[in-house]
Amino acid sequence: MKTINLHRIIIAVIVLLTSTFAFGRDVIRASKSFYSYEKDYSNIAPLYSNGTKNIEKAKKIVVMNATGVPDYSDAFNEAKEILANFIELDFPLRVKIEIGNSNMFDEVFGTESVLAITTVQYVLNNFEKRNYYSSEWNSDGNDVFFPQALANRIYKGDTDTISDDMTISLNPEFAEYWHIGEASLIQDYQYDLTSIILRELITGCGFGSSLHTVNNNLSYMIDANGSSYPVLFDTKIKNSSNQWFANTLNSTTNLLNFLEDKQIYYKDNGKLWNDLEFNIINGVSNITKNSLSKTYKDNENPAIPSSFDIMSASFGTGMAIRNVTSMTQSILCDLGWEKALVTGNNREVGINSSSDILNPNTNYTFTAQTTGYNLNSSNYNLTLIQKDGTYYDLNSGQNNVFNVNYSNFPNYDWERDPDTGCILGFVSFTGQTTNNLYLRGIKDVKLPLAPRNAKISATKSVNSNSMSAKINYKADGATSYIVNYFAYGESAQFSIPINNKDEVCYVLNGLNPNKKYGISVKALNNYGNIYSETITVGEDFVSQLSLVLTKVGTTLKYRFKLGTEYVTNLNVTSVKILDIYGNLITTVNAGINETFSISSLTTGMYILSVDVENYTTYSKTFLK
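Given below as structure tokens:
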């Protein structure tokens, strides 16, 4: 299977971005969709492989979960944490994962089942040419489409602020067969969702050719602006006859000649899958050139099944391959995920700071390491990141001293550090020397901020004589929660600490189905807290709650009774005395079980009317 997309927030040097457009051509953009489907050729035994994780670096892979199903987040997070250990993430990635429309997956490749479709965004390598800080990227002058995620890393900025780097569309027809959880617990009929996403993230990083079919004819390159361009991966492929794929004329005849009866490689070592290696004339599937040979295992451990490569052609049920083996690592490295980003006249410099944590109303100084350079100009920028991948420029200019004023801080949906709740951002530096060298640097920072936008909802479930309430809750920046609840009419209140920051629901069990409950959530981090609104679940026991009057002489008092018990934990909003026609006679300033005088009333029949918050109006007649 092989095509899923990661939606990682791209952290970039945004300083002077608007001015760079004036110095070169507009960026040429295009996209290509990769089909990911089951193709189990080898009938291999179930594989369970757990990869090394890097939780800290994975924060720069921002997944926009458009599935609407929180239970999938565990698979998303694990996949990005594995990938983060094998690629250089000095500039974040922006990935969108969604449940696709069933109509998207109608195309069938023989007996193969489409599991996902990944749409990868590409930008032409002129993203470097439009940047006056850079020299020409290609020494031979050939134009090549770069995967947007990689282009952003090279450019050290967002080459396309409109579209995500990749979009992964999962086939909803397979949802009941997805495995989420420990690798070793996968069943032989299940597809490991973590493995699927990991494969597709790698595809979105550039592991994939532009080879495709058009009306049963073979073609490659991507069309844009009236021209066609190969993708970066195309330029790395050669066959066993020592022919380079990117030098092949774009026609069915020439492409068949390149593929048929040939072994194909990523450069000289990574053997790629080729449907036509054995002259299989029934067509070229989507895995041709987009995956490793089905026989490949890690050379370091060739006899160990668990070293089966995540990008191998064979992928089916019962396989949980959560690892990136040496072959795929070397390909990612060669594509550009580990190489230095210093090109042409660019120079990367470090940034020193008095602190990486920017507390409110405190001055912090950032200083670029420019010793030995004579600067004509310099600029510093403090940028914060929102969850949708957009940036908010908090400070910009020549001043390298930043002070964060929290009194008017925007109430946006910020990207937060999951461990601390801090807002994620970065300080960037750009400068130009007297001899026309262009200096750039970036430093990650965090801004402490109490949780915001606490939300809560609940649904009840009644079984026999018991009731449960499933509570869904979330607050931006929270690292822990406290669930508070009480039964109306009772003085006791209960609190349940939830220390798991990733919790999105909690079930209250053993509730009385004949009672009404108020429930709220307190969201906390190290910098403050916030309360949600109080919501109610359960029966509105209006019909079971009764108003009781006690008259002694010319005094009167009222109470409420539920069954045999008196209820005091009610909020009375008004008490009125009415005539028998409902006309107001007077108002009474008395709470529950408080005595008040009726001596001023004339002899006759009256109505005592008591309004109770969250309930209704209770009435009872009495005689004076």
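Position in the sequence shown (first residue = 1) + 940 = the working numbering.
Just so you know, even glycine gets a beta-carbon here, dropped at the ideal spot from N, CA and C.
Inset, instruction - Tell me whether L1125 is buried or exposed, calling it buried when 16 or more other Cβ atoms sit within 10 Å of its Cβ. - result: Numbered from its first residue, the sequence shown carries residue 1125 at position 185. Label assigned to L1125: exposed.
Legend entry - Inter-residue spacing [alpha-carbon to alpha-carbon] between Y1346 and T1302: On the sequence shown, position 406 is the one that residue 1346 refers to. On the sequence shown, position 362 is the one that residue 1302 refers to. C-alpha separation (whole angstroms): 11 Å.
Inset, instruction - State the Cα-Cα distance for the pair A962 and I1363, rounded to the nearest angstrom. - result: By one-based count along the sequence shown, residue 962 stands at place 22. By one-based count along the sequence shown, residue 1363 stands at place 423. Unreliable positioning characterises A962 in this predicted model, as indicated by a pLDDT of 27, which lies under 50. The coordinate reading is nonetheless provided below. Using only the alpha carbons, I get a separation of about 32 Å.
Inset, instruction - Given a cut-off of 9 Å, decide if L1141 and K972 are closer than it, judged by their beta-carbon atoms. - result: One-based indexing of the sequence shown puts residue 972 at position 32. One-based indexing of the sequence shown puts residue 1141 at position 201. No. Outside cutoff.
Legend entry - Host alpha helix (DSSP H) of M1267 (start-end): Along the sequence shown, one-based indexing puts residue 1267 at 327. Run containing M1267: 1266 to 1272, per the alpha helix (DSSP H) assignment.
Inset, instruction - Report the option in E1028, D1128, S1294, I1136 whose CA atom is closest to the CA atom of S1109. - result: The residue labelled residue 1109 in the question sits at position 169 within the sequence shown. Among E1028, D1128, S1294, I1136, the Cα nearest to that of S1109 is on I1136.
Inset, instruction - Taking the CB atoms as reference points, tell me whether F1366 and T1323 lie closer together than 9 Å. - result: Taking the first residue of the sequence shown as position 1, residue 1366 is located at position 426. Taking the first residue of the sequence shown as position 1, residue 1323 is located at position 383. Closer than 9 Å, so yes.
Inset, instruction - Please state if the CB of L1379 and the CB of Y1320 are separated by a distance shorter than 9 Å. - result: Reading the sequence shown from its first residue, position 380 is the one you call residue 1320. Reading the sequence shown from its first residue, position 439 is the one you call residue 1379. No, the pair does not count as a contact, with Cβ atoms beyond the cut-off.
Inset, instruction - Could you tell me whether the segment 1112 to 1120 touches the segment 987 to 1005, using the rule of 3 or more Cβ pairs below 8 Å? - result: no
Inset, instruction - Check D1551 in the structure and name its three-state DSSP category. - result: Along the sequence shown, one-based indexing puts residue 1551 at 611. If DSSP states are grouped into helix, strand and coil, D1551 belongs with the strands.
Legend entry - 8 Å contact criterion, which I1039 and T1007 should meet: CB distance rounded: Within the sequence shown, residue 1039 is the residue found at index 99, counting from 1. Within the sequence shown, residue 1007 is the residue found at index 67, counting from 1. Yes, they are in contact, since the Cβ atoms of I1039 and T1007 sit about 5 Å apart, within 8 Å.
Inset, instruction - Name the two residues that bound the continuous beta strand (DSSP E) containing R1380. - result: Here residue 1380 refers to the residue found at position 440 of the sequence shown. R1380 -> beta strand (DSSP E) spans 1378 to 1387.
Inset, instruction - Could you work out which residue in F1085, G1121, D1208, T1101 is closest to I1162 when comparing CA atoms only? - result: On the sequence shown, residue 1162 is found 222 positions in, with the first residue counted as 1. The shortest C-alpha separation from I1162 is found at F1085.
Legend entry - Sufficient close CB pairs (3 or more, under 8 Å) joining the segment 1450 to 1461 to the segment 1394 to 1409: yes
Legend entry - Rounded straight-line distance, which links the Cα of L1487 to that of G1544: For the purposes of this step, residue 1544 is taken as residue 604 along the sequence shown, with counting starting at 1. For the purposes of this step, residue 1487 is taken as residue 547 along the sequence shown, with counting starting at 1. Spanning the two alpha carbons is a distance of roughly 20 Å.
Inset, instruction - Thinking E1288 and G1381 are a contact (beta carbons under 8 Å), I'd like their distance in whole angstroms, please. - result: The count along the sequence shown starts at 1 and reaches residue 1288 at position 348. The count along the sequence shown starts at 1 and reaches residue 1381 at position 441. Confirmed, about 6 Å.
Inset, instruction - For the alpha helix (DSSP H) holding V1016, just list the boundary residues, first then last. - result: Locating residue 1016 in the sequence shown gives position 76, where the first residue counts as 1. Reading off the sequence, residue 1016 comes out as Phe, not Val. First-last of the alpha helix (DSSP H) with F1016: 1013 to 1023.
Inset, instruction - Have a look at K1564 and P1453 and give me their C-alpha separation to the nearest angstrom. - result: Residue numbering aside, residue 1564 sits at position 624 when the sequence shown is read from its first letter. Residue numbering aside, residue 1453 sits at position 513 when the sequence shown is read from its first letter. K1564 and P1453: Cα-Cα distance of roughly 39 Å.
Legend entry - Bounding residues of the beta strand (DSSP E) (the contiguous stretch that carries L1151): As a working mapping, residue 1151 is identified with position 211 in the sequence shown. Looking at the DSSP string, L1151 is not in any beta strand (DSSP E), and its letter there is neither H nor E.
Legend entry - Sequence-distant residues of the same chain with beta carbon closer than 8 Å to I1438, five excluded per side: Reading the sequence shown from its first residue, position 498 is the one you call residue 1438. S1420, Y1421, I1422, V1423, Y1446.
Legend entry - CB contact flag (Y1498, N1533, <9 Å): Walking along the sequence shown from the start, residue 1498 turns up at place 558. Walking along the sequence shown from the start, residue 1533 turns up at place 593. Yes.
Inset, instruction - Pull up the DSSP beta-bridge partners for D1570, would you. - result: Outside the displayed range of the chain (941 to 1564) lies residue 1570, so it cannot be described from this structure.
Legend entry - Which of helix, strand or coil DSSP assigns to E1299: Walking along the sequence shown from the start, residue 1299 turns up at place 359. Checking the sequence, you will find Asn at residue 1299 rather than Glu. Coil at N1299, not helix or strand.
Inset, instruction - Check G1144 in the structure and name its three-state DSSP category. - result: Start at 1 with the first residue of the sequence shown, and residue 1144 comes out as number 204. In this structure, G1144 counts as helix in the three-state DSSP scheme.
Legend entry - 6 Å Cβ shell around D1551 - same chain, five flanking residues per side excluded: Locating residue 1551 in the sequence shown gives position 611, where the first residue counts as 1. Correct list, in chain order: T1513, S1514, T1557.
Legend entry - Neighbourhood of N1165 by C-beta, 6 Å cutoff - its chain only, sequence neighbours within 5 removed: Sequence index remark: in the sequence shown, residue 1165 carries index 225 (1-based). I968, listed in sequence order.
Legend entry - Nearest candidate by alpha-carbon position, reference G1258, set L1541, Q1127, G1450: Mapped onto the sequence shown, residue 1258 falls at position 318. Of the candidates L1541, Q1127, G1450, the one whose C-alpha sits nearest the C-alpha of G1258 is Q1127.
Legend entry - Where L1199 sits in the DSSP three-state scheme: Residue 1199 sits at position 259 when you count from the first residue of the sequence shown. DSSP places L1199 in helix when its eight states are reduced to three.
Legend entry - Neighbourhood of D1013 by C-beta distance below 7 Å, restricted to the same chain and skipping five residues each side: Along the sequence shown, one-based indexing puts residue 1013 at 73. Here residue 1013 turns out to be Ser, not Asp, going by the sequence shown. Only N1005 meet the Cβ criterion.
Inset, instruction - State buried or exposed for D1208, treating a residue as buried only when at least 16 other CB atoms are found within 10 Å of its CB. - result: One-based indexing of the sequence shown puts residue 1208 at position 268. Exposed, since its Cβ has fewer than 16 Cβ neighbours within 10 Å.
Inset, instruction - Have a look at S976 and L1023 and give me their C-alpha separation to the nearest angstrom. - result: Here residue 976 is taken as the residue at index 36 of the sequence shown, counted from 1. Here residue 1023 is taken as the residue at index 83 of the sequence shown, counted from 1. S976 and L1023: Cα-Cα distance of roughly 18 Å.
Legend entry - First and last residue of the uninterrupted alpha helix (DSSP H) at P970: Here residue 970 is taken as the residue at index 30 of the sequence shown, counted from 1. The sequence given here places Ala at residue 970; Pro does not occur at that position. Unbroken run through A970 is the beta strand (DSSP E), 969 to 977; no alpha helix (DSSP H).
Inset, instruction - Quickly, what does DSSP pair E1038 with across the bridge? List them, please. - result: Here the question's residue 1038 lines up with position 98 in the sequence shown. Answer by DSSP bridge pairing, in chain order: S1109.
Inset, instruction - Find out if the Cβ-Cβ distance for the pair P1391, N1469 is shorter than 9 Å. - result: In the sequence shown, residue 1391 corresponds to position 451, counting from 1. In the sequence shown, residue 1469 corresponds to position 529, counting from 1. Their beta carbons are under 9 Å apart, which means P1391 touches N1469 by this criterion.
Legend entry - F1434, buried or exposed, once every other Cβ within 10 Å from all chains shown has been counted against 16: Along the sequence shown, one-based indexing puts residue 1434 at 494. Exposed, since its Cβ has fewer than 16 Cβ neighbours within 10 Å.
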